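Residue numbers (our numbering): -5 to 410.
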Amino acid sequence: MLKTIRGYVSLTMFLLFVAAENCTYGKEEEPLDSRNILALYQNSLVKFREISMKVHCEYLIEGNSTTWKTDIIHRRSNNRTEWIGKNTAFDSNGSIEQEGSTLYADIMNGSNWVHLKFYNPQLIGGQPPRAYIKKDFEQAQKELLDVPSYGGPIQGRIHGNNHKSVAELLSESVDLRLIDNREDINGESCYLLTATIMYGKVTAWIAPEKGYNALRWKIEKKSGEFFRGPEPARDEFKMWVAVFEADEVKKIDDEYMITKGRFTQSTTLKDGKKEIVRYIYNLTDVDLNPDFEDIGAFQINLPEGTSVYQYDAPGIVYIWKQGRLVHQIDDSVVGNIDNIRQENDSVAGVNRDKNLDLTNTKNPEIPANQSKYSNGESKAEKPISNIWLAVIIISLLIIAIGSILYLRRLKTQRGR
């Protein structure tokens, strides 16, 4: 009896398995529409929000004998971002061009943005480095993510789109279209999404078998469609075209990652001339689950003796000493104040009545519309100026003349 029951159970399980297989096999997959594919492409870009990688980029301008090679470490954890490395220029013979070779760092630690750039001391006379610090770093982060030599095109980013990625541009379209026939890119069958928006025509080739990464994307613009910010730029050209193509995709930490690619930016000017810039990328040491504390990321550490200028308070200068910022008075500010006072004294002999205008100095670090004083007030003395003296004299003359005319009229009336 027990054997019979076991036989029925086994037979029942077998029949259920066969039925399930038939149902699965017979069920057709629902076709993806343009918005589904776009959402999967957007999801493939999430990995760039938490990442550590090395970016090697080589680029050249057609017709120019100089070639640049950029080697940086890029790390990001949402709003904390950094790019640290060097940019080396080579002439046609392969020799280093000193003037175009720099070391630099852009570090955003969640509170401040520090931008450091200086010539390699081993290449050019040990020029002292200079850095800038700013608390409002969100705009700077958007701009730097678009920079081609920082690897922007691999993430579907390039300037001219108000800091929006290819995926974001496509998502804003009301006429997003999925081309019926797929196209092959490097042997991979790709969905083809396209849209025409205020930023130009945008096209992306999405590879479902490679994690829905865009193995190719293209942006075409006419004059008036180039946006450095919310408003279109005044650049005049016939056509501007940007094209990125992936050359290698690897699976890293269960994520498909583009590790090699090419980017070309072509501008056709009004006179028909073309300006073409070509970039080649190679990404290494990609870590999608980095321990940022362990690797010491987002730490501001500048070369000893670096002069640090504050964007938010021009004229205030710090010196980086022994791992911290030490406040220092900018000698150029003091010198400019003395020069302005001397110029004012020489205008009218000993004229010390004129207010000091500290908003139009020769210090290039101070915007023309901002005072050197943090509260916007001048610290100079404010006695009565020559202009006010002239106003007083003219007023007294008017009163005197009026009095004389009044007395004459009164005398005439009495005589009658």
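Every residue, glycine too, gets a C-beta built ideally from N, C-alpha and C. Given the structure is predicted, the values throughout are model-derived calculations rather than measurements.
Check whether the stretch 212 to 226 touches the stretch 193 to 202, taking contact to mean three or more Cβ pairs, one atom from each stretch, closer than 8 Å.
-> yes
Would you identify the three-state DSSP class for A99, choosing helix, strand or coil?
-> strand
Keeping to the same chain, check which residues put their C-beta closer than 8 Å to that of F286; ignore five residues upstream and five downstream.
-> S46, R69, S71, R74, F292
So, T262 versus M233, is the Cβ gap smaller than 7 Å?
-> yes
Buried/exposed call for T96, threshold 16 Cβ in 10 Å = buried
Give the DSSP-derived three-state secondary structure of N81 in the structure shown.
-> strand
Helix, strand or coil: how does DSSP classify N349 here?
-> Any reading at N349 is ruled out, since the residue's pLDDT is 29, under 50, leaving its predicted position unreliable.
Less than 7 Å separating the beta-carbons of S167 and A189?
-> yes
Euclidean distance between Cα positions of Y126 and S301 | 8 Å
If you compare alpha carbons, which of I310, D281, V320 is closest to G299?
-> V320
Return the CA-CA distance between L163 and F131, expressed in angstroms with no decimal places.
-> 23 Å
Write down every uninterrupted run of the alpha helix (DSSP H) in the stretch 188 to 228 whose length is 4 residues or greater and which is fully enclosed by it, in chain order.
-> none
On the three-state DSSP scale, how would you describe L26?
-> coil
Assign N295 to one of two classes, buried (16 or more other C-beta atoms within 10 Å of its C-beta) or exposed (fewer than that).
-> exposed
Span separating the alpha-carbon of L110 from that of L39 = 28 Å
Write down the C-beta distance between G79 and Y275 rounded to the nearest angstrom, noting that I regard them as a contact closer than 8 Å.
-> Actually they do not touch by this definition, with Cβ atoms about 14 Å apart.
Quick one: Cα of K129 to Cα of I310, how far?
-> 14 Å
Would you give the residue range spanned by the alpha helix (DSSP H) that A134 belongs to?
-> 132 to 139
How long is the line joining the alpha carbons of I252 and S105, rounded to whole angstroms?
-> 31 Å
The stretch 24 to 44 contacting the stretch 198 to 218, beta-carbon criterion three pairs below 8 Å | yes
Would you say G154 and A161 are within 7 Å of each other, going by their C-beta atoms?
-> no
C-alpha gap between I420 and K267, whole angstroms = Examination of residue 420 is not possible in this model, given that the chain is present from -5 through 410 alone.
Residue span of the alpha helix (DSSP H) that contains A161, given as start and end | 160 to 165
Extent of the continuous alpha helix (DSSP H) run through E287 = 286 to 289
Could you check where the beta strand (DSSP E) with E230 kicks off and where it finishes?
-> Where E230 is concerned, there is no enclosing beta strand (DSSP E), given that its DSSP letter is neither H nor E.
What are the partner residues of D281, as DSSP defines its beta bridges?
-> S46
Just how far apart, CA to CA, sit Q135 and E230?
-> 27 Å
Limits of the beta strand (DSSP E) - the one that T60 falls within = Note, T60: premise wrong, no beta strand (DSSP E); not H, not E.
Any idea if A394 is buried or exposed, counting beta-carbon neighbours within 10 angstroms, 16 or more meaning buried?
-> exposed
Considering only the beta carbon of each residue, do E239 and R210 sit closer than 7 Å?
-> yes
Once you ignore the five residues that flank K48 on each side, which residues in its own chain have a CB closer than 6 Å to its CB?
-> I67, T278, D279
Should G317 go down as buried or exposed, given a rule of 16 or more other Cβ atoms within 10 Å for buried?
-> exposed
Tell whether a beta-carbon distance below 7 Å holds between G255 and I148.
-> yes
According to the neighbour-count rule (16 or more other Cβ atoms, all chains shown, within 10 Å of its Cβ), is E76 buried or exposed?
-> buried
Take P440 and list the residues in its own chain whose beta-carbon comes closer than 6 Å to its own, dropping the five residues that flank it on each side.
-> Because the chain is modelled from -5 through 410, residue 440 falls outside the range shown and cannot be assessed.
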